[in-house]
Every structure is written in structure tokens, then in C-alpha cells.
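Each residue of the sequence shown is one higher than the last, beginning at 3 in our numbering.
All residues carry an ideal CB built from backbone N, CA and C; glycine is no exception.
Notes follow once the structure below has been shown.
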Amino acid sequence: MRAQPKASHYIGGRYVESPEGHPFPSIYPATGEAIASLNSADEKTVEAAVAAAVEGQKIWAATPPAERGRVLRKAAGILRERNRALSELETLDTGKPLQETLVADAASGADCLEYYGGLAATLTGEHIDLGGSFAFTKREPLGVCVGIGAWNYPIQIACWKAAPALVCGNAMVFKPSEVTPLSALQFAEILTEAGLPDGVFNVVQGFGEVGAQLIAHPQVAKVSLTGSVPTGAKVASLAGEHLKKATLELGGKSPLIVFDDADVDNAVSAAINANFYSTGQICSNGTRVFVHTAIKEQFLDRLAERTVNAVLGDPMDEATSIGPLVSKPQLDKVLSYMEIGKKEGARLVCGGGSADVAALPDGFFVQPTVFADVKDGMRIACEEIFGPVMCVLDFDDEDDVVARANDTVFGLAAGVFTKDIQRAHRVIDQLEAGTCWINTYNLTPIEMPFGGYKKSGIGRENGHAAIEYYSQIKSVYVEMGDVEAAF
Ligand code: NDP
């Protein structure tokens, strides 16, 4: 097979197989062919991973933070050196075009390792003057953290979870989505090569129940999930039952609001990026595009003209700008929403069905699709589709569009296009979303905290903020005088 790993899991600094585990394939979405076969972790394997993490964490927590930082920065360098090979693997596993994976996946992972590697030696506590006596605080690791990933950005998600966890002195057991199991194994190898002690970062494969076993394990302190809202609810309730800490990065149906004074071409570019990049499989996508009626037809004309230029095709060809969806179930889901949109009476501007790519007849391709005249209550405007389906809605009034933008259970992201700086800030201040953009969309530099309001999540990844979610503060009171007592 084209991308068969040495074994399914990576535990204690080496590859490990679980021959009795449930076998499952990794499928190349452009052809439908199996590129690897792996086995889900059985109970023994889960136990081994947690035991390795417990041992590794003791060594890692005793490693000076500056040294931890050097290891992470070295791993960042190796990721960059191997960017092409890692990108090709990510393209095979996800179907995302190489044009994207070369710049957005391992590269973003490397940025993240470098960022937290740089912060390592700066993670200090406070000195609190109590008048003679004093207190100080220390930032301590949580212990063993579990990372559970979605399938859209496999290596990026692994890095975004591992880097802040590791810099704080934790160990991690990471479970990729069973749809995209491969690149996390390569990442684990790279960490070992960079000098990470054995057991500090482990990968176990499997379906949801493996994730659940890890969360419930008594020696696990925390879970960080990237996934859908229904999975987030299950993970939060299991974490609650066991009183584990949880960070949840979940789904969205985010608004992108384009006012009548916006630069229309830039707004169209943002709407394209916010709906068609990664074939629309991005949690923070601006899938509800509210366009002021004064510029709506101009906006739709430019959008339709430019969408024709999308190159659907072989993801391994760097000229391809839209690859297949990740899997057959995702293909069926997205096609069903296209039909729902038509039945609900939205105006189909372009796309609207599966796409034929001559050389790849079995690929999970769909056309980039734009619906206009979408109404707030339509299912295509309320539910997360996770495919290249853009809904364009009209508005005339600022207060009205803000209320409609916020009228959702989600709160992951939001964007505003306007040249009026006061309006931009006024609107952003009112939007119920964890990550917002003014005059751009979907840029997520590592320096900027990322996460959701409302049902889109709990906690934050990236930036200094993530440190709060992977460490705990110990307060120490130091008495400098005598101890008084009543008797
Ligand atoms: P899922 O929620 O289906 O799965 C996410 C992960 O959770 C997978 O590894 C899955 O395992 C695992 N899982 C499933 N059930 C359980 C359980 N009961 N206990 C523990 N783990 C479990 O999401 P998808 O993989 O389909 O990814 C798409 C979703 O992810 C979208 O909703 C998207 O918005 C969201 N997402 C959010 C991001 C964010 O940062 N906010 C970023 C990227 C995606 P398996 O699938 O192997 O069974």
C-alpha cells in the first residue's frame, strides 16, 4: 500500500502493533483506494500508551523548560525540512490539494512548535508581597493529557495540541480521527528524533470508543478535543463525570458580513477562502455570507466569475485548487445539503452537485456551490455542512444583521468587511464569536488565541491563552515570622 506506516500506534518512543484490534483502512479520497491498513487500539494498547505517558511525563516535567523549548524548536526545524514529504502524506490521507498542504498543514504545525518552544523559558509565576511574609506561584503541568483530533487538519491539530501541552511539562496520548490516521505517527517519530524523551508523546489509533477509554482513564488529567458539537457534548459529559479538565474546539456556522462600503473584490476573495479552501472542510468557515442589498448582485456576479476559475482535479497536482471531500460519508452529507438547499428554494448561483474529474472517476469531488437569497431559517443556513457550500443572505440594516448573525447556537468565528473603522469595531464588539476578522477571513496565526463562544467550544488553543489550559497554578505562602495560635 502507498502509505503503510511501520505499525498502527506509536508508544514509548517506538512503533507498536495491536494485531487483535479492529482493522480499518486509510482511503485516498481522490481515488477511493486504500493507502494503508491499521488496527484500532485494544484495551492493552490504551493501557500501554497511558503507562508510557505517565513515565515519560515524570522525566519531561523534571527537564528544564529552556531544554523543553529546544526540543520543540528542533522538531519545528525537522517538520520544515520534511515539509514536502509530510504534505504529500497529508494530501493522500485527506485529499486536500498539495497546493494547500505545502503551506498550511505541517508548516502551521512547525510555527506552533517554534512559538511554544520560544515561550518555554518565559513561563514563570508571581511573587506576592504580604508585608514581611510573601507568597509565590508556580505554573505546574497537569500530567497526562489526551488529544483527540478531527480529520480536516490532522498534523496541524496534533501540533496545536502537543506543543502547548508539552511546553508546560505534560505528556500526551493523541488519538487521530480514524479517517486520517497517518501524519500523527510521522509527527511522533519527529519528536523522538528531536530529543523528546520516550513516552512524552504517544499516538493510538481508533474510533470514538478509544477516545472515550482514554478520557475515562484514571491516570489522565485532561482532554482536548477538536470535533463536532455532538461529539463535544459526549466528551464534556464524560470529562465531567470523571472531573477531568476539557478543552473543546467544535463546529460553527459563522457569519461573514459585507457592508455596502466594502472593497468588493477583497470581500469576494475572503468569501472564497471562507467557503472553498480545504473543500469547505474548516470549522471556522464563514458559511453565512450576509451581503448588503446595495452591492449584492455585484458581489454575486464577481463570485460566480471567479468560482469558474477553481481547478478541481488531482490533489497531487500543484495547479489543483479544490480537491475531493475527505470520505464517501462526507460526500453523501454535502450532496444531501445541496439538494436540501434547492428544495428550500434558495437560488443556485453556481455548482450544486457532484463534480466529474475525468482521470479520477471514483474521487469524492463536488462542485463549489453558492446559494443566494438564502433565508435565516433554512437548514442550509443553520446547520454545519462542512463542505464547499456558501449561503449568501441579504441585509439592509446594521442592527438587524448583527442580531441575525448572532441568532445561532454556534459562536466560533465571524468577519466584517467595511471601510468604516468605527462600524467595523462596533459590529465586532457585538458579535458572539471567539475569533473575529476585520477585512479578511480565516487567518489563524499561532500567536492569536483560537476558540469558540456558545456551543462552538470551551477553552482556547494557540497564543499565551493556551498555556492556561495545559497548566495549573500552585500558590505557596512563605511565613517569615513566628506562627501565632490562640492557645
Ligand atoms: P467528530 O466529532 O466526528 O470526531 C472528532 C474526534 O472525536 C474523532 O477523532 C472521533 O473519533 C472522536 N470521537 C468520536 N466520538 C467520541 C467519543 N464519544 N469520545 C471520545 N472521542 C470521540 O468530528 P470530525 O472528525 O467529523 O470533524 C469534523 C468536525 O470537527 C466539524 O464539526 C468541525 O467543525 C469540527 N472542527 C472543529 C475545529 C475547531 O478548532 N473548532 C477544527 C476542525 C474541525 P473517530 O471519528 O475516529 O470515531
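Taken in chain order, the unbroken stretches of alpha helix (DSSP H) that lie wholly in the stretch 322 to 372 and span 4 residues or more are 330 to 345. In the three-state scheme derived from DSSP, where H, G and I count as helix and E and B as strand, Gln221 is classed as coil. The beta carbon of Tyr479 sits closer than 6 Å to those of Ala137, all from its chain and outside the five residues before and after it, given in chain order.
Per DSSP, Asp265 lies in no beta strand (DSSP E) segment and is marked neither H nor E.
Thr182 counts as buried, since no fewer than 16 other beta carbons sit within 10 angstroms of its beta carbon. Closest by C-alpha distance to Glu45, out of Pro21, Gln59, Ala63, Pro31, is Pro21. Of all alpha-carbon atoms in Lys457, His427, Ile29, Cys114, the one lying nearest the alpha-carbon of Thr446 is that of Cys114. Per DSSP, Cys384 lies in no beta strand (DSSP E) segment; the continuous alpha helix (DSSP H) that holds it begins and ends at 381 to 384. The DSSP-derived three-state label of Gly282 is helix. Residue environment analysis places Leu144 among the buried positions, since at least 16 neighbouring C-beta atoms fall within 10 angstroms of its C-beta. Straight-line measurement puts the Cα of Pro363 at about 15 Å from the Cα of Ile29. By the neighbour-count criterion, in which 16 or more other beta carbons inside 10 Å mark a residue as buried, Asn172 falls on the buried side. Boundaries of the beta strand (DSSP E) around Gly417: 415 to 419. By the Cβ rule, the stretch 230 to 247 does not count as touching the stretch 389 to 403, because fewer than three pairs are nearer than 8 Å. When the beta-carbon positions are compared, Phe366 and Leu350 stay at least 9 Å from each other.
Taking each of Gly483, Thr194, Ser179 in turn and checking the Cα distance to Leu40, the smallest one comes out for Ser179.
Distances taken from the Cβ of Cys384 to the heavy atoms of the ligand NDP include none shorter than 8 Å. Distances from the alpha-carbon of Thr93 to those of Phe397, Ile259, Val404, Trp153 put Trp153 closest.
Sequence-distant Cβ neighbours of Gly459 in its own chain, meaning closer than 6 Å and more than five residues away, are Leu250, Glu251, Leu252, Gly453. Counting C-beta atoms within 10 angstroms of its own C-beta, Thr103 has 16 or more neighbours from the protein chains shown and is therefore classed as buried. By the CB criterion at 9 Å, Ile297 and Val429 fall outside the cutoff. By the Cβ neighbour-count rule, Lys476 is exposed, with fewer than 16 other Cβ atoms within 10 Å of its own. Taken in chain order, the whole alpha helix (DSSP H) runs of length 4 or more contained in the stretch 165 to 209 are 185 to 195. Judged by beta-carbon spacing, Ala160 lies beyond the 9 Å limit of Lys76, meaning their Cβ atoms are not closer than that value.
For the pair Phe292 and Phe397, the Cα-to-Cα distance works out to about 6 Å.
Judged by beta-carbon spacing, Gly315 lies beyond the 9 Å limit of Thr309, meaning their Cβ atoms are not closer than that value. Under the DSSP definition of a beta bridge, Ile430 lacks any partner.
Under the DSSP assignment, Leu94 falls in the alpha helix (DSSP H) whose first and last residues are 85 to 96. Look at Ser323: its beta carbon is at least 8 Å from all of the heavy atoms in the ligand NDP.
Remark: the C-beta of Ser179 is in contact range of the ligand NDP, defined as less than 8 Å to any heavy atom.
Of the residues Glu142, Asp409, Lys163, Ser185, the one whose Cα lies closest to the Cα of Ser89 is Ser185. For Gly149, the uninterrupted beta strand (DSSP E) segment begins and ends at 146 to 150. Exclusion of the five residues before and after Ala223 leaves Leu144, Gly145, Val146, Cys147, Lys246, Lys247 as the residues of its chain whose Cβ lies within less than 7 Å of its Cβ. The residues Phe419, Thr420, in chain order, have a CB closer than 6 Å to that of Ala264 in the same chain once the five nearest residues on each side in sequence are set aside. In this model, Ile157 and Phe26 are separated by some 19 Å (Cα to Cα).
DSSP, read as helix, strand or coil, puts Pro451 in coil.
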